[in-house]
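Q:
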Amino acid sequence: VVKSSMNLFNDIKNIKLNANFNNLDNVLVLADKEKLLRVFNNLIKNAIQSITDNQQGVINIDISTDKNDVLIKISDNGKGIDDDMKVKLFEPNFTTKTSGMGLGLSIVKNIVNDIAGSIWFESALDKGTTFFVKLPVC
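Numbering (this note's numbering), first residue to last: 56 to 193.
(1) Please classify N97: does DSSP put it in a helix, a strand, or coil?
(2) Quick one: what's got a C-beta closer than 7 Å to F95's C-beta in the same chain, skipping five residues either side?
(3) Just checking my contact of G112 with I118 at CB under 8 Å: how many whole Å lie between their CB atoms?
(4) Looking only at its chain, what residues have a beta carbon closer than 7 Å to the beta carbon of A74, apart from the 5 residues adjacent to it on each side?
(5) Is the segment 129-136 close to the segment 177-192, with three or more CB pairs under 8 Å?
(6) If you drop the 5 nearest sequence neighbours on each side, which residues of the same chain put their C-beta closer than 7 Å to that of V188?
(7) Pull the bridge partners of G183 from the DSSP assignment, please.
(8) G172 by DSSP, collapsed to three states: which one?
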């Protein structure tokens, strides 16, 4: 599902998508494929939108697993998230963009929570943001 999502965004100018699957061919989670696709599409799209037009964007996706969980990290070198906005980021109708309804990350969080996963992020202004999605493996 992550590879499918990456393929949607492969041809965007001044954005380089890197993936490290850590020699994992398949990781099985009990979840709706379309909903997971929505999660990763939203996170990658947000990462792309955080990168300014005059900047070479780099988005790194890393997948690792242990016997219980898979951890997917999506990192960008975008503008980062202001401290005032961090607490509101997963709230419905909150957006940092000039367009959109601010539902994306709220929906993402609900999807991840519904499959007994967790989502969080780390961000630094002018350095970028990393979203972490942890899902239980089958």
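Think of the CB as a built atom: it goes at the ideal place given N, C-alpha and C, for glycine as much as any other residue. This structure is a prediction, so every number in the text was calculated from the model and none was measured.
A: According to the structure shown:
(1) Locating residue 97 in the sequence shown gives position 42, where the first residue counts as 1. If DSSP states are grouped into helix, strand and coil, N97 belongs with the helices.
(2) Residue mapping note: residue 95 aligns to position 40 of the sequence shown, counting from 1. Cβ within range, chain order: V56, V57, S60.
(3) Residue 112 sits at position 57 when you count from the first residue of the sequence shown. Residue 118 sits at position 63 when you count from the first residue of the sequence shown. About 20 Å separates the two Cβ atoms, so there is no contact after all.
(4) Start at 1 with the first residue of the sequence shown, and residue 74 comes out as number 19. Excluding sequence neighbours, A74 sits near M61, I116.
(5) The segment 177-192 and the segment 129-136 touch, with three or more beta-carbon pairs separated by less than 8 Å.
(6) Stepping through the sequence shown from its first residue, residue 188 is reached at position 133. Excluding positions up to five away in sequence, the list reads V94, I127, V167, G172, I174.
(7) As a position in the sequence shown, residue 183 is number 128, starting the count at 1. Residue pairing for G183: DSSP places it in a beta bridge opposite A179.
(8) The residue labelled residue 172 in the question sits at position 117 within the sequence shown. G172 falls in the coil class under three-state DSSP.
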